[in-house]
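Only one structure is covered here, and it is reproduced in the block below.
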Amino acid sequence: MPHPLETATDPASLNRVVIEPVSRVEGHGKVTLLLDDDRKVRQARLHIVEFRGFERFIQGRPYWEVPTLVQRLCGICPVSHLLAASKACDAFVIGHASLTPTAEKLRRLLHFAQVLQSNALHFFHLASPDLLFGFDDAVAHRNIVGVLQDERELGLQGIRMRKYGQEIIRLLTGKRVHGTGSVPGGFNKPLSMADRDLMRADIGQIIAWCDSALALARDLFLRGQPEQGRFANFPSGFMSLVRPDGAADLYDGALRVKDAQGQLIVDQVDVHDYQQLIVEEVKPWTYMKFPHLRTLGPEHGWYRVGPLARINNATYLDTPRAEAARAEFIAWGGGQSVTASLAQHWARMIDTLHCAEGIARLLDDPDIIGTDLMATGTPLREGIGVIEAPRGTLLHHYRIGDDDLVEYANLIVSTTHNNTAMNEAVRSVAAEYFDGREITEGLLNHIEVAIRAYDPCLSCATHAVGKMPLRIEVVEADGQLADVLLKHEDGALERPMAHAAPADRTPANWPPLDA
Amino acid sequence: MNARSLIDGDAPLPADWPRTLVIAVGNPSRGDDAAGPLFAERLSSWLNDQEHNPDGSRPHDLTILCDQQLMVEHAYDLRDRDRVLFIDAAARQGEPVQWQRVEASASGPAISSHQCTPSQLLHLCTHTLQIPPPDAWLLSLRGEGFELGAPVSAAMQAAMDQAWDAILAWVTTPDVHGQPVNQAAAPHHA
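Residue numbers (this note's numbering), protein chains in the order written: chain X, 1 to 515; chain R, 516 to 705.
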């Protein structure tokens with residue numbers, strides 16, 4: 001599904017607008033819009049500088065260190081990497097054998113907690129300001145503080161749902177960050193009855209909050225029609241894990257891909273065959289690869305992952321409240337895949353309710369406090385682990401040598417799967433909202449809203465203070481800086497004319513703009 | 516919600532809840548971003564080496580936390596604290612070591628859900644959780660490289676050495692509460 005805006009025929013004659021959220025150190029997004037003399041968007045690209053060095057970081061390490069090590073790839077979803085790596089490294093301990101029931105259920109509990117807290121954080125603290133107040137609301141108000149001023153209880157729920165998930169993670173892994181719990185071959189720490197009961201005490205409240213948050217997300221989206229339905233709405237494929245009967249499964253399953261009409265493209269693809277299904281294309285202007293279905297090629301084979309894909313793809317959800325919500329969602333879409341980017345928030349809260357119900361069910365399962373944690377089997381030398389992380393399908397693939405050191409590693413993270421889709425979202429929004437209009441913070445925020453729907457993991461790990469969160473540059477085709485728009489950390493806008501050459505303000509590790 | 520709740524922000528705190536908090540932030544595997552975790556480790560080791568008071572109580576009223584990212588739930592860690600010190604690496608700043616007072620503020624990066632600033636945390640305390648915000652300071656250390664798997668640079672190591680005495684002064688001198696730390700307890704940064 002190519003888009004005419006990706007590559008302009010005569011980029012040398014265009015102006016360039018750069019939206020640069022430099023809130024991370026090494027990995028941060030940047031949006032480049034090439035404008036023509038009439039200020040029409042002629043070319044749009046989302047640059048994400050990230051994920052370089054992941055494989056190099058892992059290679060040469062003993063496999064048993066990998067699940068702990070990969071948690072350093074992401075400060076927000078360390079558990080997702082822990083579980084994907086554990087699943088891949090299970091092969092090095094138990095081969096094709098299955099985990100013990102208790103170990104698998106403890107991993108599932110850990111995963112539900114991770115997805116719940118991440119989804120809640122996204123909705124309450126990132127998406128809700130846009131949805132509640134509209135994209136053109138004053139920047140000083142359109143943020144989490146505005147939500148807390150107007151909807152204090154909503155913000156409080158978000159914090160407490162996040163905390164609940166984090167506390168389950170702490171109880172299962174022993175630490176708030178970089179705990180273990182899940183290890184190759186099983187789980188290394190049983191859940192005590194006391195801790196199980198502690199988790200149980202709050203789950204009824206959490207489900208109730210998920211119910212109300214889902215209703216809010218749905219109502220805000222439906223109330224925002226037709227604008228929210230049109231916003232960054234484009235056809236694409238959708239990929240996620242499903243069980244043999246088509247039920248969505250966050251922890252395990254086979255790959256399913258549907259098209260925009262809701263028809264199956266492929267189904268029940270063994271994750272071990274992912275390289276037959278997916279190929280990753282490299283483009284010269286970004287470090288991020290562009291995965292797509294091998295059989296359909298880069299133009300037609302790209303797809304989205306994440307909550308929207310999970311809900312679109314599922315034949316059903318195996319928890320009652322979430323299943324009722326899924327049916328309502330699919331009915332709204334007329335049985336086809338819902339393709340509106342902002343429907344992602346509605347889908348995300350269905351996903352979240354499913355997690356809360358899943359936690360409740362697991363806490364009632366006697367196996368969850370079992371002590372048979374490690375399985376045995378015949379070790380292999382290659383392992384592939386795939387899970388549905390909060391932002392979508394996460395794949396870890398390793399091979400080890402006779403010395404048990406990792407010789408080969410390949411990671412495809414959710415943000416990479418969504419790369420083409422995020423570019424498409426930016427192009428779609430730019431074409432509709434930027435053509436012929438003055439560049440204002442409100443207009444630029446439309447692009448941010450589109451990016452936020454996918455919540456890309458921008459580098460995932462480094463945290464450092466002191467960077468400007470947003471920078472917009474207009475650069476003439478001859479390289480002269482025409483305008484600069486700074487968005488400071490306090491939200492204030494500044495439009496100074498820069499005196500240095502553009503190259504002086506471009507991080508050295510970025511790909512050439514004109515590549 | 517009862518006192519055993521995981522999410523009850525109003526649950527009673529232990530009687531010996533320390534009134535001083537250090538939150539170190541960073542990724543130990545990303546070059547100079549490891550400054551925060553390394554300080555947390557060094558400070559914890561130092562604390563463990565301190566002899567208890569004759570009555571068995573702790574010699575310093577201090578909690579040390581370390582995390583890869585600062586996130587909203589850390590607001591709960593600020594409950595009933597008099598003072599908090601955030602320690603983090605800085606991507607861009609003029610001085611190798613910089614102290615600054617943290618004021619509550621709502622604004623900040625909001626393009627992804629991957630971070631929260633100390634100012635935003637204080638704002639959450641004040642406006643959402645009804646927690647009186649502690650006297651808060653940010654110690655930032657200028658980093659040079661943040662590549663995955665990279666070691667801590669010599670410059671960052673020097674900055675950490677420079678900052679250590681000031682951190683100890685801040686931790687061990689309750690009087691600095693409400694005072695300009697860079698003058699009262701951090702002479703290296705005056």
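We treat Cβ as the ideally placed atom computed from N, Cα and C, and that holds for glycine.
(message) Threshold first: 3 residues or longer. Then list the beta strand (DSSP E) segments lying entirely within the stretch 516-545 of chain R, N to C.
(response) Fully enclosed beta strand (DSSP E) runs of 3 or longer: 535-540.
(request) Measure the Cβ-Cβ separation of R597(R) and P649(R) and say whether it is below 8 Å. (result) Along the second sequence, one-based indexing puts residue 597(R) at 82. Along the second sequence, one-based indexing puts residue 649(R) at 134. For the sequence presented, residue 597(R) should be read as Asp rather than Arg. Yes.
(request) Mind checking who P62(X) pairs with in its DSSP beta bridge? (result) Walking along the first sequence from the start, residue 62(X) turns up at place 62. Answer is L405(X).
(request) Closer than 7 Å by C-beta to P695(R): which residues in its own chain qualify, once you throw out the five before and the five after it? Chain order, please. (result) Taking the second sequence and counting its residues from 1, one reaches residue 695(R) at position 180. With a pLDDT of 41 at P695(R), under the threshold of 50, the modelled position of this residue cannot be trusted; read the value that follows with caution. Excluding sequence neighbours, P695(R) sits near nothing in its chain.
(request) Check distances from the C-beta atoms of the stretch 584-599 of chain R to those of chain X and list, in chain order, the residues that come in under 9 Å. (result) Q584, L585, M586, V587, E588, A590, Y591
(request) Can you give me the Cβ contacts of G370(X) inside the same chain, cut-off strictly under 6 Å, excluding the 5 residues immediately before and after it? (result) On the first sequence, residue 370(X) is found 370 positions in, with the first residue counted as 1. Here the set comprises T102.
(message) What are the residues in the stretch 535-547 of chain R lying within 9 Å of chain X by C-beta distance?
(response) V540, G541, N542, P543, S544, R545, G546, D547
(request) Go ahead and label M671(R) buried or exposed: buried means 16 or more other beta carbons lie within 10 angstroms of its beta carbon, across all protein chains shown. (result) Mapped onto the second sequence, residue 671(R) falls at position 156. By the neighbour-count rule (16 or more Cβ atoms within 10 Å), M671(R) is buried.
(request) May I ask which residues mark the beginning and end of the beta strand (DSSP E) holding E382(X)? (result) As a working note, residue 382(X) is residue 382 in the first sequence. 382-389 is the span of the beta strand (DSSP E), which, as asked, contains E382(X).
(message) Within 8 Å of any Cβ in chain X, is that where the Cβ of I602(R) sits?
(response) If you number the second sequence from 1, residue 602(R) lands on position 87. Under the 8 Å criterion on CB atoms, I602(R) is classed as non-interfacial with respect to chain X.
(message) Using C-beta distances below 6 Å, list every residue in its chain close to A347(X), excluding the 5 sequence neighbours before and after it, in chain order.
(response) By one-based count along the first sequence, residue 347(X) stands at place 347. Within the same chain, A347(X) has close Cβ partners P307, L308, I311.
(request) With a 10 Å radius around its C-beta and 16 neighbouring C-beta atoms as the bar for buried, classify P529(R) as buried or exposed. (result) Your numbering for residue 529(R) matches position 14 in the second sequence. P529(R) should be labelled exposed.
(message) Give me the DSSP bridge partner(s) of P291(X).
(response) Indexing the first sequence from 1 puts residue 291(X) at position 291. DSSP output for P291(X) lists E280(X) as bridge partner(s).
(request) Report the neighbours of V406(X) on chain R: residues whose CB is nearer than 8 Å to its CB, in chain order. (result) Residue 406(X) sits at position 406 when you count from the first residue of the first sequence. Near V406(X) there are no residues of chain R at all, since even the closest Cβ is about 13 Å away, more than 8 Å.
(message) With a threshold of 8 Å between beta carbons, is E299(X) in contact with chain R?
(response) The sequence position of residue 299(X) within the first sequence is 299, counting from 1. False, the Cβ-Cβ gap to chain R never drops below 8 Å.
(message) I need the boundaries of the alpha helix (DSSP H) containing G158(X), first residue and last residue.
(response) The sequence position of residue 158(X) within the first sequence is 158, counting from 1. Note, G158(X): alpha helix (DSSP H), 152-173.
(request) In angstroms with no decimal places, state the Cα-to-Cα distance between P235(X) and R391(X). (result) Numbered from 1 along the first sequence, position 235 holds the residue referred to as residue 235(X). Numbered from 1 along the first sequence, position 391 holds the residue referred to as residue 391(X). Cα to Cα, P235(X) sits roughly 19 Å from R391(X).
(message) Measuring straight from C-alpha to C-alpha, what distance separates V426(X) and Y303(X)?
(response) Start at 1 with the first residue of the first sequence, and residue 426(X) comes out as number 426. Start at 1 with the first residue of the first sequence, and residue 303(X) comes out as number 303. Annotation: V426(X) to Y303(X) spans about 15 Å, alpha carbon to alpha carbon.
(request) Using a threshold of 8 Å, state whether the C-beta atoms of Q71(X) and P62(X) are closer than that. (result) As a working mapping, residue 71(X) is identified with position 71 in the first sequence. As a working mapping, residue 62(X) is identified with position 62 in the first sequence. Result no, Cβ atoms of Q71(X) and P62(X) do not sit closer than 8 Å.
(message) Taking the straight line between their C-alpha atoms, what separation do you get for C581(R) and A555(R)?
(response) Taking the first residue of the second sequence as position 1, residue 581(R) is located at position 66. Taking the first residue of the second sequence as position 1, residue 555(R) is located at position 40. Straight through space, the alpha carbons of A555(R) and C581(R) are spaced by roughly 6 Å.
(message) What does the Cβ neighbour count give for V475(X), buried or exposed, with the cut at 16 atoms within 10 Å?
(response) By 1-based counting over the first sequence, the position of residue 475(X) is 475. With a pLDDT of 48 at V475(X), under the threshold of 50, the modelled position of that residue is not reliable, and no figure is offered here.
(request) Could you list which residues in chain X have their beta carbon closer than 7 Å to that of S559(R), in chain order? (result) The residue labelled residue 559(R) in the question sits at position 44 within the second sequence. Within 7 Å Cβ-Cβ: nothing; S559(R) doesn't reach chain X, min ~14 Å.
(message) Can you give me the C-alpha to C-alpha distance between H111(X) and L250(X), rounded to a whole angstrom?
(response) Translated into the one-based positions of the first sequence, residue 111(X) becomes position 111. Translated into the one-based positions of the first sequence, residue 250(X) becomes position 250. The straight-line gap separating the alpha-carbon atoms of H111(X) and L250(X) is approximately 8 Å.
(request) Could you check what DSSP says for Q263(X) in three-state terms: helix, strand or coil? (result) Counting from 1 along the first sequence, the entry for residue 263(X) is found at position 263. Reduced to three states, the DSSP call for Q263(X) is coil.
(message) Using 8 Å as the cut-off, can you tell me whether the stretch 220-233 of chain X makes contact with the stretch 252-266 of chain X, which would need three or more C-beta pairs spanning the two stretches below that distance?
(response) no
(request) Would you check if the distance between the CB atom of G165(X) and the CB atom of L116(X) is smaller than 8 Å? (result) Here residue 165(X) corresponds to residue number 165 of the first sequence, with the count starting at 1. Here residue 116(X) corresponds to residue number 116 of the first sequence, with the count starting at 1. For G165(X) and L116(X), yes; Cβs fall inside 8 Å.
(request) Look at the alpha carbon of M422(X) and the alpha carbon of G237(X), and state the distance between them as a whole number of angstroms. (result) Sequence index remark: in the first sequence, residue 422(X) carries index 422 (1-based). Sequence index remark: in the first sequence, residue 237(X) carries index 237 (1-based). The alpha-carbon of M422(X) is positioned some 13 Å away from that of G237(X).
(request) For the alpha helix (DSSP H) holding W302(X), just list the boundary residues, first then last. (result) As a working note, residue 302(X) is residue 302 in the first sequence. Here W302(X) belongs to no alpha helix (DSSP H), and DSSP marks it neither H nor E.
(request) Quick one: give me the first and last residue of the alpha helix (DSSP H) that Y251(X) is part of. (result) The residue given as residue 251(X) occupies position 251 in the first sequence. That residue, Y251(X), is in no alpha helix (DSSP H); it is neither H nor E in DSSP.
(message) Here's a check: name, in chain order, each residue in its chain whose Cβ is nearer than 7 Å to the Cβ of G186(X), leaving out the five neighbours to either side.
(response) Position 186 of the first sequence, counting from 1, holds the residue named residue 186(X). Same-chain partners within the cutoff: L99, T100, A103, L373, M374, A375.
(message) Does any residue of chain R have a CB that is nearer than 8 Å to the CB of H417(X)?
(response) Stepping through the first sequence from its first residue, residue 417(X) is reached at position 417. No - not a single Cβ of chain R is within 8 Å of the one on H417(X).
(request) Can you grab the Cα-Cα spacing for the pair V465(X) / G660(R), in whole Å? (result) For the purposes of this step, residue 465(X) is taken as the residue at position 465 of the first sequence. For the purposes of this step, residue 660(R) is taken as the residue at position 145 of the second sequence. Its pLDDT being 49, under 50, V465(X) is placed unreliably in this model, and the coordinates cannot settle the point.
(message) Quick check: the stretch 401-417 of chain X against the stretch 311-320 of chain X, are at least 3 beta-carbon pairs closer than 8 Å?
(response) no
(request) Verify whether the separation of the beta carbon atoms of V386(X) and L380(X) is less than 8 Å. (result) The residue you call residue 386(X) lines up with position 386 of the first sequence. The residue you call residue 380(X) lines up with position 380 of the first sequence. No, they are not a contact pair.
(request) At 7 Å on the CB atoms, spell out the chain R contacts of E167(X), in chain order. (result) Counting from 1 along the first sequence, the entry for residue 167(X) is found at position 167. Under the 7 Å cutoff, chain R gives L521.
(request) Could you tell me the boundaries of the beta strand (DSSP E) in which M374(X) lies? (result) Numbered from its first residue, the first sequence carries residue 374(X) at position 374. Element bounds for M374(X): n/a, residue is neither H nor E.
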